[in-house]
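Only one structure is covered here, and it is reproduced in the block below.
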Amino acid sequence: MPSMTPVDVGGAFLGAVFGEVFKIVEEVTIKNIEFKPHLNKLQLTLNQIAPIFEDIEKLNAVLDRPPIETKMFADKLEEGKRLVQKCAKVRRWNICAKPFYANKLIAFEKSLERFFNIEVTAQISRDSRKIQETVNVIDGRLERIETRVGGGGGVYKSNNTNGFVGCCSVPKVRGFVVGFEEPVREVKALLMSGGEQQVVVVSALGGCGKTTLAKMVCHDDEIRGMFKDNIFFVTAPKAPSLKVVIESLFERIGVQVPEFQTDEEAVYQLEDKLNQIGPYPILLVLDDVWSGWELLIEDLTTQIPEIKILVTSRFVFPRFESTYKLKLLGDKDAMALFRHSAFPKDGRSSIPDGLVDKIVRDCGGFPLALEVVGRSLRGQPMEIWKRTLKQWSEGKSIFSSDSNKEILIRLLSSVNSLDAMYKERYLDLASFPEDRRIPAMALIDMWVGLYNLDEDDEAAIAILHDLSMWRLVDQVGTRKEASEISGYYNEHFVTQHDLLRQLAIHQCSQEELIEKRKRLIIEIDGNDFPKRWIEQGQHSICPRLVSISTDERFSSNWHDMHLPEAEVLVLNIQARNYTLPQFMEKMDQLKVLIITKYGFSSSEIQNIRLLGYLSSLKRIRFEHVFISSISDSILKLRNLQKISFIMCEISEAFRKCTIQIPDMLPYLSEIVIDYCNDLVEFPACLCEIRSLKELSITNCHELVTIAEEFEKLENLKVLRLHACTKLLELPETIGSLKKLDFLDISDCVGMSKLPGQMGDLCGLRKIHMTGCRGLSELPLSVKGLEKLKSVTCDEETACLWQDYEDYLDDLEIHVHKEDVNLDWLHDN
């Protein structure tokens with residue numbers, strides 16, 4: 001590659017620094033051929049960035065801003081100059097230093113790109129908005145002048161004699177708009193409805209069209225008929241401040257802006273000014289509101305009762321009931337928007353429809369992605385379209401293309417607003433496949449292993465709730481009482497948009513050296529292993545979280561890998577037969593193993609003996625797999641605390657189990673068996689686990705009996721037998737469970753009676769028995785349940801308990817009306 005001439009940088013501040021760096025780069029390139037490719041790449045990057053900084057310096061002069069970015073960039077250039085000078089001192093015979101400094105050059109060049117794409121682009125966006133705001137103010141004042149002197153030019157003429165021209169402050173809707181008919185109608189209905197709700201929130205991720213929707217609502221004839229000229233549109237500052245908003249309102253109104261000392265004073269003066277407007281209500285649009293604004297918005301509505309506030313935000317604010325969650329575009333509208341961006345003349349092209357369909361489908365209805373990707377492919381030959389699609393199918397991120405950086409920046413703004421703890425949890429979600437629901441319990445298992453949550457399920461669910469408030473996940477819950485009453489989250493899931501998952505993977509891969517990454521996320525297509533994995537060979541890499549996804553064609557011929565510090569391993573599989581990777585036997589720090597089979601049929605797991613080597617393992621989760629035997633390898637896991645079987649075939653494995661369990665699993669405290677429809681009889685061998693504290697056997701519709709040996713579970717505190725529809729009765733020996741605190745037999749519709757020894761459960765505090773329609777009476781012994789505080793049931797069963805209220809002084813009977821949501825059954 002020939003030497004490149006540096007572009008001229010107009011600003012004096014940067015010009016000298018650029019000149020010095022280009023000069024030394026050129027000198028070292030000539031003298032030290034070893035670094036030539038890296039230095040040429042650095043020159044290319046500098047040539048691309050330099051003109052942008054020339055524009056920034058000009059913009060700083062216009063806005064009278066200090067040269068913050070140029071100073072920061074000059075410091076980075078100085079850093080680069082020192083690195084290149086060190087490269088110049090490396091001798092050809094120094095084989096150790098050459099790769100070290102080559103990696104340093106690569107990392108520096110990447111850091112330049114990141115600095116430009118995030119810091120600089122964000123500042124340019126802020127400056128542009130500031131200029132646009134100034135232009136809008138000037139336009140508004142000119143329009144008011146034209147209105148007052150009877151000027152034409154298409155300006156909307158106000159009938160307001162007080163000089164307020166709020167509606168003219170609403171920006172126009174520009175560009176191609178599609179798919180907003182229903183959102184406009186629904187948001188308009190919320191604004192025009194009566195009642196006490198003064199605040200309407202439009203919530204969506206950045207780039208979904210929240211601002212466009214708000215503009216369209218403001219320009220709607222019915223809204224203008226209701227609010228007349230009293231519509232004001234303000235972009236909210238990120239830091240909550242009513243003073244800033246109200247100053248902007250005064251400026252839009254066209255009167256002198258007072259000096260406000262406090263938010264309260266600003267609201268008072270605004271109220272006084274708005275009282276001059278007349279009898280019509282007021283609509284204030286606060287665009288792009290960030291978290292932390294809730295109390296200020298409430299203060300404003302409290303002091304100005306006649307105001308309606310339309311908020312657009314990438315967050316959800318639970319305290320405001322009227323929230324409209326803007327959905328992504330449907331297939332038809334997504335295609336229309338993409339075609340307008342890619343083929344602007346008439347939406348037609350020689351590109352085959354099938355190819356266009358696949359590109360649109362991969363954009364997932366995300367408006368910004370459809371527009372940006374469409375523009376990037378506009379006018380490109382078919383080969384470029386095919387290459388783009390091929391790169392995406394091979395796992396290359398949509399964000400990796402320079403032409404798509406706008407999507408990255410907009411989505412990153414939401415992620416970067418998270419604190420470190422939430423950001424880490426968000427990145428962990430990328431461990432699960434796209435277009436799949438993610439079980440909350442799998443995440444809880446993962447987070448207990450990674451972050452020592454002390455098995456606090458509620459804390460983990462709260463994190464998921466907060467991530468949904470930031471629109472980074474969508475929650476899907478199936479049974480309200482399952483979580484709120486019994487603390488059971490096995491029927492609670494989250495889903496995530498594909499672009500958000502891609503963003504998480506992109507962020508995880510920003511560590512230049514794979515050896516330093518916290519997370520290793522690998523997707524194997526067929527048997528094509530990533531090249532870097534094969535090259536890694538026996539070299540150690542040190543992620544704490546490892547996720548490996550394989551498809552139905554995978555043959556389980558694993559390449560070796562050394563993962564000495566991995567604490568969580570997630571295996572996402574699709575093949576009918578799956579062999580665990582041999583390298584697992586060296587993962588002696590592994591705490592959590594999650595194996596999930598996706599698809600209709602279960603998968604048989606081979607090589608399960610490897611689990612015996614995982615001496616640190618505390619949690620195992622099997623989902624949709626066939627386990628032929630509980631081998632002694634599992635029973636050797638002396639640190640195992642929890643094991644879960646979800647939609648598994650396990651009856652044969654337990655039938656074959658003849659090993660004495662008590663001495664083998666001394667710390668196993670929780671077993672979860674859910675939707676295992678081949679389980680007919682509760683395995684007697686599990687009754688030997690004296691350490692067991694929590695047992696959940698739920699939705700096992702073929703379970704008929706529970707062994708009398710159940711009495712051996714002397715430390716059991718929680719027993720869930722929810723929705724075991726064929727279970728006929730509880731064992732009479734259940735009265736031996738003196739430590740049992742909570743019993744859930746809800747939806748056990750086949751159960752006709754409770755055991756006579758129920759009254760011996762002296763520690764029982766809570767019973768959940770909604771849907772036990774077969775019960776006609778309760779045993780007299782329930783009079784002895786002195787510690788019983790709460791019974792949750794339906795109306796019929798409540799009548800049975802009311803006969804014993806005189807004996808149970810502290811008993812509260814909760815009549816529950818079940819609300820079932822089956823959305824979780826559909827994989828997205």
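So that you can map any letter, position 747 of the sequence shown is 747 in full-length UniProt numbering, and since no number is skipped, the others follow by simple counting. Cβ atoms here follow ideal geometry from the backbone N, Cα and C, with glycine treated the same way.
Please say whether A566 and T550 have beta carbons closer to each other than 8 angstroms?
The residue given as residue 550 occupies position 550 in the sequence shown. The residue given as residue 566 occupies position 566 in the sequence shown. No.
Enumerated in chain order, which unbroken segments of the beta strand (DSSP E) with a length of 3 residues or greater are wholly contained in the segment 657-711?
Listed in chain order, the beta strand (DSSP E) runs fully inside the segment 657-711 are 670-674, 694-698, counting runs of at least 3 residues.
In whole angstroms, what is the alpha-carbon distance linking G379 and I359?
In the sequence shown, residue 379 corresponds to position 379, counting from 1. In the sequence shown, residue 359 corresponds to position 359, counting from 1. Between the C-alpha atoms of G379 and I359 there is a straight-line separation of about 15 angstroms.
Tell me, please, which residues DSSP counts as bridged to C648.
As a working mapping, residue 648 is identified with position 648 in the sequence shown. Paired residues: none, contrary to the question.
Starting from the C-beta of T705, find all residues in its chain whose C-beta is less than 6 angstroms away, skip the five residues before and the five after it, and write them out in chain order.
Start at 1 with the first residue of the sequence shown, and residue 705 comes out as number 705. Cβ neighbours of T705 beyond the five flanking positions: E681.
Same chain, Cβ closer than 8 angstroms to residue 834, five either side skipped, listed in chain order:
What is shown of the chain runs 1 to 828, which leaves residue 834 out entirely.
I'd like to check one pair, V592 with M446: are the Cβ atoms closer than 8 angstroms?
Position 446 of the sequence shown, counted from the first residue, corresponds to residue 446. Position 592 of the sequence shown, counted from the first residue, corresponds to residue 592. With contacts defined as CB atoms closer than 8 angstroms, M446 and V592 qualify as a contacting pair.
What span of residues does the beta strand (DSSP E) with A493 cover, start to end?
The sequence position of residue 493 within the sequence shown is 493, counting from 1. For the sequence presented, residue 493 should be read as Phe rather than Ala. Element bounds for F493: 492-495.
Taking all protein chains shown into account, decide if D744 is buried (16 or more other Cβ within 10 angstroms of its Cβ) or exposed.
As a working note, residue 744 is residue 744 in the sequence shown. Counting the other CB atoms within 10 Å of its CB gives D744 a total of 16 or more, which places it among the buried residues.
Three Cβ pairs or more, each shorter than 8 angstroms: is that satisfied between the segment 687-698 and the segment 709-729?
Flag = yes, the segment 687-698 and the segment 709-729 touch.
Validate contact between the segment 260-269 and the segment 238-247 using beta carbons, cut 8 angstroms, 3 pairs
Segments in contact, yes.
8 angstroms Cβ cutoff met for V187 and V234
To locate residue 187, count along the sequence shown from 1; it is residue 187. To locate residue 234, count along the sequence shown from 1; it is residue 234. Going by C-beta atoms, V187 is not nearer than 8 angstroms to V234.
By alpha-carbon positions, which one of P37, F35, D435, G80 ends up nearest to G19?
One-based indexing of the sequence shown puts residue 19 at position 19. The shortest Cα separation from G19 among P37, F35, D435, G80 belongs to G80.
Would you check if the distance between the CB atom of Q269 and the CB atom of P281 is smaller than 8 angstroms?
Counting from one through the sequence shown, the residue named residue 269 turns up at place 269. Counting from one through the sequence shown, the residue named residue 281 turns up at place 281. The answer is no: Cβ separation not under 8 angstroms.
In three-state terms, what does DSSP make of R517?
Translated into positions along the sequence shown, residue 517 becomes position 517. In this structure, R517 counts as coil in the three-state DSSP scheme.
E786 burial status per 10 Å Cβ neighbour count (16 or more: buried)
Residue numbering aside, residue 786 sits at position 786 when the sequence shown is read from its first letter. With a threshold of 16 other beta carbon atoms within 10 Å, E786 falls short and is exposed.
Please go through the same chain and pick out, in chain order, the residues whose beta-carbon is closer than 7 angstroms to the beta-carbon of A442, but skip the five residues on each side of it.
In the sequence shown, the residue the question calls residue 442 occupies position 442. So the list reads I594, R621, once near-sequence residues are dropped.
Under DSSP, the beta strand (DSSP E) around I463 begins and ends at which residues?
Position 463 of the sequence shown, counted from the start, is the residue given in the question as residue 463. From DSSP, I463 is part of no beta strand (DSSP E) but of the alpha helix (DSSP H) over 457-469.
Quick check on the DSSP output: the alpha helix (DSSP H) that includes F227 runs from which residue to which?
In the sequence shown, counting from the first residue as 1, residue 227 sits at position 227. Where F227 is concerned, the enclosing alpha helix (DSSP H) stretches over 221-227.
Would you kindly work out how many angstroms separate the C-alpha atoms of K104 and L450, rounded to a whole number?
Mapped onto the sequence shown, residue 104 falls at position 104. Mapped onto the sequence shown, residue 450 falls at position 450. Using only the alpha carbons, I get a separation of about 30 angstroms.
Using the DSSP secondary-structure output, state which residues sit across from residue 850 in a beta bridge.
No information on residue 850 is available, as it lies outside the stretch 1 to 828 that the chain covers here.
Counting along the chain, where does the beta strand (DSSP E) carrying Y324 start and finish?
Locating residue 324 in the sequence shown gives position 324, where the first residue counts as 1. Residues 322-325.
Just curious, the beta strand (DSSP E) that L593 is in, first and last residue?
Indexing the sequence shown from 1 puts residue 593 at position 593. Element bounds for L593: 592-597.
What's the C-alpha gap between F180 and L213?
As a position in the sequence shown, residue 180 is number 180, starting the count at 1. As a position in the sequence shown, residue 213 is number 213, starting the count at 1. Taking C-alpha positions only, F180 is separated from L213 by approximately 7 angstroms.
Since K597 and V625 are thought to touch, with beta carbons under 8 angstroms apart, how far apart are those beta carbons, to the nearest angstrom?
Taking the sequence shown and counting its residues from 1, one reaches residue 597 at position 597. Taking the sequence shown and counting its residues from 1, one reaches residue 625 at position 625. So it is a contact: roughly 5 angstroms between Cβ atoms.
Kindly indicate which three-state DSSP category F366 falls into: helix, strand or coil?
Along the sequence shown, read from residue 1 onward, the residue named residue 366 stands at position 366. In the structure shown, F366 falls within a coil segment according to DSSP collapsed to helix, strand and coil.
May I ask which residues mark the beginning and end of the beta strand (DSSP E) holding K766?
Counting from one through the sequence shown, the residue named residue 766 turns up at place 766. Under the DSSP assignment, K766 falls in the beta strand (DSSP E) whose first and last residues are 766-768.
Coarse secondary structure for Q85, derived from DSSP in three states:
Numbered from its first residue, the sequence shown carries residue 85 at position 85. Note: Q85 maps to helix in three-state DSSP.
Rounded to whole angstroms, what is the Cα-Cα separation between D362 and I521?
The residue labelled residue 362 in the question sits at position 362 within the sequence shown. The residue labelled residue 521 in the question sits at position 521 within the sequence shown. One C-alpha to the other measures close to 20 angstroms.
For F164, does the count of other Cβ atoms within 10 angstroms reach 16, so buried, or fall short, so exposed?
Position 164 of the sequence shown, counted from the first residue, corresponds to residue 164. The predicted model places F164 with a pLDDT of 39, which falls under 50 and marks its position as unreliable; any figure quoted below should be read in that light. Buried, since its Cβ has 16 or more Cβ neighbours within 10 Å.
Exposed or buried, what is D674 when buried is set at 16 or more other beta-carbons lying within 10 Å of its beta-carbon?
Within the sequence shown, residue 674 is the residue found at index 674, counting from 1. Looking at its Cβ environment, which holds 16 or more other Cβ atoms inside 10 Å, D674 is buried.
In terms of alpha-carbon separation, which member of T211, I307, S616, S628 lies closest to L569?
Your numbering for residue 569 matches position 569 in the sequence shown. Residue S616 is the option with its Cα nearest to L569.
Taking the continuous alpha helix (DSSP H) assigned at N275, which residues delimit it?
Residue 275 sits at position 275 when you count from the first residue of the sequence shown. No alpha helix (DSSP H) contains N275, which DSSP labels as neither H nor E.
Separation of D747 from Y488, as counted between CA atoms
Taking the first residue of the sequence shown as position 1, residue 488 is located at position 488. Taking the first residue of the sequence shown as position 1, residue 747 is located at position 747. When rounded, the distance between both Cα atoms is 15 angstroms.
Element boundaries [beta strand (DSSP E), containing N557]:
Position 557 of the sequence shown, counted from the start, is the residue given in the question as residue 557. Premise fails: N557 is in no beta strand (DSSP E) and is neither H nor E.
On a CA-only basis, which of W558, S651, D428 is nearest A504? Give me that one, please.
For the purposes of this step, residue 504 is taken as residue 504 along the sequence shown, with counting starting at 1. Out of W558, S651, D428, D428 has the C-alpha closest to the C-alpha of A504.
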